[in-house]
Amino acid sequence: MSGKCSGQCQSSPINEDVKIDTQLDNYSGAFVSTFKVPQMDCPSEERLIRLALDSIEPSVGLQFDIPSRLVKVFHDENLDEITKKLQQLNLGAELESTQNSCSTEAAKAKDLAQKNEMKEASTLKWLLAINGVMFFIEVIAGIIAQSAGLIADSLDMFADAAVYGLAIYAVGKSISMKLRAAHISGVLQIILALGALSEVVRRFIYGSEPISSLMMIFGGIALIANIACLFLIFSNKEDGAHMKASWIFSANDVIANVGVILAGLLVTVTNSRYPDLVIGLVIAIVVLNGARRILKLKY
1 MSGKCSGQCQ SSPINEDVKI DTQLDNYSGA FVSTFKVPQM DCPSEERLIR LALDSIEPSV
61 GLQFDIPSRL VKVFHDENLD EITKKLQQLN LGAELESTQN SCSTEAAKAK DLAQKNEMKE
121 ASTLKWLLAI NGVMFFIEVI AGIIAQSAGL IADSLDMFAD AAVYGLAIYA VGKSISMKLR
181 AAHISGVLQI ILALGALSEV VRRFIYGSEP ISSLMMIFGG IALIANIACL FLIFSNKEDG
241 AHMKASWIFS ANDVIANVGV ILAGLLVTVT NSRYPDLVIG LVIAIVVLNG ARRILKLKY
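According to full-length UniProt numbering, the sequence shown is numbered sequentially starting from 1.
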């Protein structure tokens, strides 16, 4: 095995601020190799490295120390393949050392990775619950208020709830599975956006009398809920395509909620239903744009 050193195994404490990830449950990690990656200075390079090593068999465990530009790889007899894939990224990756992996060090790394995954899953479950509840609240309020904006926003909430459900499924899975979950959520967003557009067209043709006070009240409640979602997901927004998709959708929701509130105010001022129809149209376009961004994700 190239690059292997004969140094005695040393178990160093695992810093919980350092990102650690193990790709699969059957990971063993007989060796640990440290790579210096000079051009790894943000989560984007981290995701590139994860993607590059995602297909490695047997699977590997990864420990990232971005400030120090270091990556530790827990692996078996496949160092040459790992080194080749890292060097192909053109990030200046160089092998610094390889030694036998302490069972305790590998176990701690894997345990911390599992804790990180549990934290991520817990965050997503809260997001799923918030968006699921808000969907029912907004769709009922939208029907009562005859508001295309509220109904469009409620459909957006429903799509987001489904997105978070898919993201929960993707937690702990491979990079390719996370990307697939993100793309499925993007397609779902397109379907729901088209549903919102059809509601706007229906109300434009057949007429409506939106109740502005209900629009502003429930738009405000939804805004508070989505700001809470952004705070919940902020620390995990770079952890894979599934989390990036969740962040984009929550940010879009905040824009949509502000639009519903402004539309309600304009309905009051102008005594016209058109501000409500316009915001319903805008929400649908924002959702479509978010779906486009998700479908363009490659890692």
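Even glycine gets a Cβ: it sits at the ideal position worked out from N, Cα and C.
Coil, strand or helix - residue i by DSSP
| i | result |
| --- | --- |
| S59 | coil |
| N100 | strand |
| S176 | helix |
| E46 | helix |
| L91 | coil |
| D54 | coil |
| S198 | helix |
| D65 | strand |
| K296 | coil |
| G207 | coil |
| N252 | helix |
| N226 | helix |
| M216 | helix |
| S272 | coil |
| S147 | coil |
| D41 | coil |
| D21 | Legend: pLDDT at D21 = 43, less than 50; position of this residue unreliable, value from coordinates given subsequently. In the structure shown, D21 sits in a strand (DSSP, three-state: E or B). |
C-alpha distance - residue i paired with residue j, whole-angstrom precision
| i | j | result |
| --- | --- | --- |
| I144 | E138 | 10 Å |
| I49 | N100 | 22 Å |
| R180 | K244 | 13 Å |
| I224 | F136 | 16 Å |
| I20 | L62 | The predicted model places I20 with a pLDDT of 41, which falls under 50 and marks its position as unreliable; any figure quoted below should be read in that light. Answer to the nearest angstrom: the Cα atoms are 6 Å apart. |
| V282 | V260 | 10 Å |
| K36 | I66 | 10 Å |
| F231 | S176 | 26 Å |
| R292 | S246 | 14 Å |
| T34 | D54 | 17 Å |
| G264 | V258 | 10 Å |
| D25 | L124 | Here D25 scores only 38 on pLDDT, less than 50, and its place in the model is too uncertain to base an answer on. |
| L188 | E96 | 45 Å |
| I248 | I279 | 19 Å |
| V200 | V71 | 51 Å |
| V73 | E120 | 22 Å |
| I140 | D156 | 14 Å |
| L79 | F64 | 17 Å |
| L51 | E81 | 14 Å |
| Y27 | E77 | Low per-residue confidence applies at Y27: pLDDT is 46, beneath 50, and the placement is therefore not dependable enough to give any value. |
| V267 | I227 | 25 Å |
| R69 | S235 | 20 Å |
| A167 | G186 | 12 Å |
| H75 | E57 | 9 Å |
| N289 | I190 | 9 Å |
| I184 | G165 | 11 Å |
DSSP bridge partner residues for residue i (one or two, in chain order)
| i | result |
| --- | --- |
| L188 | Answer is none; L188 lacks a bridge partner. |
| H75 | F31 |
| L288 | L288 is not bridged to any residue. |
| V36 | Per the sequence shown, residue 36 should be read as Lys rather than Val. According to DSSP, K36 bridges with L70 and E94. |
Residue i, buried or exposed, once every other Cβ within 10 Å from all chains shown has been counted against 16
| i | result |
| --- | --- |
| I274 | Contrary to the premise, residue 274 reads as Tyr rather than Ile in this sequence. Burial call: exposed. |
| Q23 | Below a pLDDT of 50, predicted positions are generally treated as unreliable, and Q23, at 41, falls in that range; the measurement from the model is reported next regardless. With 16 or more other Cβ atoms within 10 Å, it is buried. |
| G207 | exposed |
| N90 | exposed |
| S272 | exposed |
| I205 | exposed |
| residue 303 | Not covered by the structure: residue 303. The range shown for the chain is 1 to 299. |
| P38 | exposed |
| S250 | buried |
| V287 | buried |
| M215 | buried |
| S41 | One detail in the question is off: residue 41 reads as Asp in this sequence, not Ser. That one is exposed. |
| V133 | exposed |
| K296 | exposed |
| I233 | buried |
| V269 | exposed |
| S154 | buried |
| R202 | exposed |
| residue 306 | Here the chain has residues from 1 to 299 only, and residue 306 is not among them. |
| E209 | exposed |
| I151 | buried |
| P59 | The question names Pro, but residue 59 in the sequence shown is Ser. When all chains shown are included, S59 counts as buried. |
(Q) Under 8 Å: do the region 188 to 198 and the region 79 to 89 share three or more Cβ pairs, one atom per stretch? (A) The region 188 to 198 is not in contact with the region 79 to 89.
Q: Would you check if the region 127 to 134 and the region 149 to 161 touch, i.e. whether three or more CB-CB distances between them fall below 8 Å?
A: The region 149 to 161 is in contact with the region 127 to 134.
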